[in-house]
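Numbering (this note's numbering), first residue to last: 1008 to 1373.
Using N, Cα and C, we set each Cβ at its ideal position, and we do this for glycine too.
Okay, so here's the structure we're looking at.
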């Protein structure tokens, strides 16, 4: 029997392939491949979708984080408080600016930054807080924003995994000074390669970001700053514009799969994702916790069910951050989570039959 894949991008493409091909064909016919109307139109659509006033397309989600930090003036000598439990790009973007990432532990129930641990991490060098809406669940932004305001700190939201997620009626990415999106192919809204976007309601910040992404240019061959080459190309923008029309439907399908998993796993020795009141999860990943993680993954593989571990090593324990002086025990919740977390197949096109195979295999293990 064919294995249940962890993610199946081919299944999505089968349904919308002709529409994407037509959109890409128009780009080639236009002969405008960078910073054309496709990118501008997508920026307008994403801004509207997120509730932000402006959106700036860039080359990747990693660049979105880096450029947002730079545009807000984060640099050498500064500190940025963030989570130790995320993809490396989150902390890596801070390091690229010359600033120092400072890790605050996560909430054991949500896997997101725990607001209770933030104020103890603030120093005279702290410039910003960088919360990550991990796996598609928004952080508890109320306390985070309050702490930031009280201490005159910027808030940059890493919403790479949370396009369409909501916190008390507000879209992920729209609540801080800037929100960063990723369009990597496996994301809920994914392109055909790398791509990203920064959303903000600040006109001055949006203008600065548009210069920074294009070698610091305010107009052709007039460079007000050094900047970088980080532009969302027209082929990606055209592809994403097609997919954007389906994102609400796809996110609803993800929530339906998650509800089915939750029901199937009730009473088992496995902890399913918590969704706090006022939050709307979009389940980029469906991740469970069990002290028998490795044995479960091995068992599921034998049963033809693919799984993933996100993330096996917390950021504060990565070899490249030895210079920070961080060590085991600094973020105990993140460390325990990294030993117990397992992600199960989750994508809109997952069939009821495939989902039931996953559920039965998990039930059989426990």
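{"Check": "Here's a check: name, in chain order, each residue in its chain whose Cβ is nearer than 8 Å to the Cβ of residue 1040, leaving out the five neighbours to either side.", "Outcome": "1034, 1240, 1241, 1242"}
{"Check": "Can you name the start and end residues of the alpha helix (DSSP H) that residue 1051 belongs to?", "Outcome": "1044-1057"}
{"Check": "What number of angstroms, rounded off, separates the C-alpha of residue 1048 from the C-alpha of residue 1027?", "Outcome": "16 Å"}
{"Check": "Roughly how many whole angstroms lie between the Cα atoms of residue 1329 and residue 1069?", "Outcome": "22 Å"}
{"Check": "So residue 1072 packs on residue 1165, CB below 8 Å; how close in whole Å?", "Outcome": "6 Å"}
{"Check": "If you draw a straight line from the C-alpha of residue 1292 to the C-alpha of residue 1093, how long is it?", "Outcome": "12 Å"}
{"Check": "On the three-state DSSP scale, how would you describe residue 1350?", "Outcome": "strand"}
{"Check": "Kindly indicate which three-state DSSP category residue 1150 falls into: helix, strand or coil?", "Outcome": "helix"}
{"Check": "Unbroken alpha helix (DSSP H) runs of length 4 or more, entirely within the stretch 1081-1129: which are they?", "Outcome": "1096-1103"}
{"Check": "Within 10 angstroms of its Cβ, does residue 1086 collect 16 or more other Cβ (buried), or is it exposed?", "Outcome": "buried"}
{"Check": "Go through the stretch 1273-1303 residue by residue and report every complete run of the beta strand (DSSP E) that reaches 3 residues or more, in order.", "Outcome": "1293-1296"}
{"Check": "Compute the distance between the beta-carbons of residue 1167 and residue 1187, then report whether it is under 8 Å.", "Outcome": "yes"}
{"Check": "Count the other C-beta atoms from every protein chain shown that fall within 10 angstroms of the C-beta of residue 1374, then say buried if there are 16 or more, exposed otherwise.", "Outcome": "Outside the modelled stretch of the chain, which goes from 1008 to 1373, sits residue 1374, for which no answer is possible."}
{"Check": "Do residue 1104 and residue 1180 have their beta-carbon atoms positioned less than 8 Å apart in this structure?", "Outcome": "no"}
{"Check": "Taking the C-alpha atoms as reference points, what is the distance between residue 1116 and residue 1268?", "Outcome": "17 Å"}
{"Check": "Report the three-state DSSP secondary structure of residue 1338 (helix, strand or coil).", "Outcome": "coil"}
{"Check": "Considering residue 1070, what are the terminal residues of the alpha helix (DSSP H) in which it resides?", "Outcome": "1068-1078"}
{"Check": "Count the other CB atoms, across all protein chains shown, that sit within 10 Å of the CB of residue 1350; report buried if there are 16 or more and exposed otherwise.", "Outcome": "buried"}
{"Check": "From the DSSP output, in three-state form, read off residue 1235 for me.", "Outcome": "coil"}
{"Check": "Run through DSSP, which three-state label would residue 1228 get?", "Outcome": "coil"}
{"Check": "Mind pulling the beta strand (DSSP E) runs of 3 or more residues that sit fully within the stretch 1143-1192?", "Outcome": "1161-1165, 1185-1189"}
{"Check": "Leaving out five residues before and five after residue 1354 in sequence, what residues of the same chain have Cβ atoms less than 7 Å from its Cβ?", "Outcome": "1014, 1015"}
{"Check": "Thinking C-alpha only, which one of 1095, 1201, 1065, 1195 is nearest residue 1321?", "Outcome": "1095"}
{"Check": "Three or more C-beta pairs under 8 Å: does that hold for the stretch 1143-1159 against the stretch 1110-1124?", "Outcome": "yes"}
{"Check": "Please check the pair residue 1137 and residue 1089, which I expect to be a contact at CB under 8 Å, by giving their CB distance rounded to whole angstroms.", "Outcome": "4 Å"}
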